[in-house]
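Under mature numbering (1 follows the signal peptide of the UniProt record, and there is no 0), read the sequence shown as residues -24 to -1, 1 to 319, first letter to last.
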Amino acid sequence: MQPQQKSVLCVGLVCLDIINVVDQYPTEDSDTRCVSQRWQRGGNASNSCSVLSLLGTKTSFMGSISRGPVSEFILEDFRKFHVDASLVTEHAQCAAPVSIVIGNRNNGSRTILHMNSFIVSDFSRLSIDSSLLSWVSGTTPVACCVVSRSNGSRTVVLYDTNLPDVSLEDFSKVDLRNFHWIHFEGRNASEQLQMIQQVVQWNSSVPPDQRVSVSVEIEKVREELYVLFNMADVVFVSKDVARNFGFESAKDAVMGLSSRVRPGSALICAWAELGADAIKDGVLFHSSAFPPMKLVDTLGAGDTFNASVIHVLSQGGDLQEALSFGCRVAGAKCGFHGYDEIA
Ligand code: ADP
Ligand code: FRU
């Protein structure tokens, strides 16, 4: 198999994002209308797959979902009620009105957003190979996202607790000949570490042109993820994690955390409107941000950045080029809703 026919595999979360666009972030305990609402496939690895695919990189996603996302539920319900659904027209903006309620456990307040939308996105629409999805019992993670029109901010409340992550056993079944790059969104790190060891073992048994590069994203402030720092060729660390380590800039973060990554690996840190910095073998790289005319939607900016960087590096581009391209694409993405306009 030629390298150009191989794919980038992203391992991590897929969830449903119920995105409420509001003029202004709602006051807690208020009951307001949103300007618009949409359902969108979400999750860091899943979003990165969308972006990679839009950029023209062949991509696969590996993650867990439960049977019966909403669209399937609707069709199944038609069948259950012996209703022929072949003449059903899916209107992107029409469905039974639903309200999303964000309750606060601390004070019992509830913030209500009214919605009226329909599931629109799926993997096949973006030609993403989803054959590595695991069908397991549990609930597909759902996130209620509030995107503010005034400043593009995104506030996410994610329910992601009862689906098992991709296991070592699942990963062992992956035919590594199909991939030239595997990106892991740090989640079940102790198991992901063993998955990466499998890739390392594979790499030691094949000629150099068949080796698989590995990147990891350490986004959440969770001690157990930090074992991944020295496991990859490319490590993305978030500003949240960087701040948690006491760093106040991307440059300080990559310098301060560089001893945690393997020699020869790149450590990259994105920092919203300040762009991104990287370090490799002691050499620093920086790209400024490319702000859009108007900030519209910053949800998934980081996932867009990661994907764009991987897109360039997986094609043999250098780190400076990848960083600048990542900031350019992620900045542009902040200027529109979703990901479609990246293409
Ligand atoms: P996350 O979505 O994970 O919080 P960041 O906020 O660090 O990720 O953003 C990732 C990249 O997206 C940044 O490096 C930058 O290039 C771009 N970006 C994010 N927010 C903005 C912004 N307000 N203006 C311009 N670019 C932005
Ligand atoms: C964006 C995102 C959303 C999802 C949330 C999960 O980066 O992946 O799509 O709801 O983060 O943390």
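Virtual Cβ for every residue (Gly too), placed ideally from N, Cα, C. In this text, all values refer to a predicted model and were calculated from it rather than measured experimentally.
**Prompt:** Can a CB atom of chain B be found closer than 8 angstroms to the CB of residue 11?
**Reply:** Among the chains in the structure shown there is no chain B, since it carries only a single protein chain.
Where do the N-terminal and C-terminal ends of the beta strand (DSSP E) with residue 261 fall, by residue?
-> Where residue 261 is concerned, the enclosing beta strand (DSSP E) stretches over 259 to 263.
### Query
beta strand (DSSP E) containing residue 340: first to last residue?
As shown, the chain starts at -24 and ends at 319. That puts residue 340 outside it, with no answer to give.
Hey, residue 11 and residue 160: beta-carbon distance below 8 angstroms or not? In this structure, residue 160 does not lie closer than 8 angstroms to residue 11 by Cβ.
>> So for residue 202, helix, strand or coil by DSSP?
In response: Correct three-state label for residue 202: helix.
Should residue 315 go down as buried or exposed, given a rule of 16 or more other Cβ atoms within 10 Å for buried?
-> Answer is buried; the Cβ neighbour count reaches 16.
Q. Within 7 angstroms: the Cβ of residue 162 and any heavy atom of the ligand ADP?
A. No; taking the cut-off as 7 angstroms, the Cβ of residue 162 has no heavy atom of the ligand ADP nearer than that.
Discussion item. Am I right that residue 252 and residue 281 are in contact with their C-beta atoms under 8 angstroms? What's the rounded C-beta distance?
Written reply: Separation of the CB atoms of residue 252 and residue 281 is rounded to 7 angstroms, and the pair is thereby assigned contact status at 8 angstroms.
Worksheet item: Just the Cα atoms here: how many angstroms apart are residue -5 and residue 177?
Response: Straight across, the Cα-Cα distance linking residue -5 with residue 177 is about 45 angstroms.
Requested in this report: Say yes only if the C-beta of residue 336 is nearer than 7 angstroms to one or more non-hydrogen atoms of the ligand FRU, and no if none qualify.
Outcome: Coverage of the chain is limited to positions -24 through 319, which leaves residue 336 absent and any answer about it impossible.
Going by beta-carbon coordinates alone, are residue 172 and residue 229 separated by less than 8 angstroms? Cβ distance not < 8 angstroms, so residue 172 and residue 229 don't count as in contact.
Close-in-space but distant-in-sequence residues of the same chain around residue 157 (CB under 6 angstroms, 5 per side omitted)
So the list reads -17, 189, 290, once near-sequence residues are dropped.
Leaving out five residues on either side along the sequence, give the residues of the same chain with a beta carbon under 6 angstroms from the beta carbon of residue 264. So the qualifying residues of the chain are 251.
Please report the straight-line C-alpha distance between residue 206 and residue 166, rounded to a whole angstrom.
Roughly 13 angstroms separates the two Cα atoms.
* In three-state terms, what does DSSP make of residue 212? -> Residue 212 sits in a strand when the DSSP states are folded into three classes.
Start and end residues, beta strand (DSSP E) containing residue 242
Start and end: 242 to 246.
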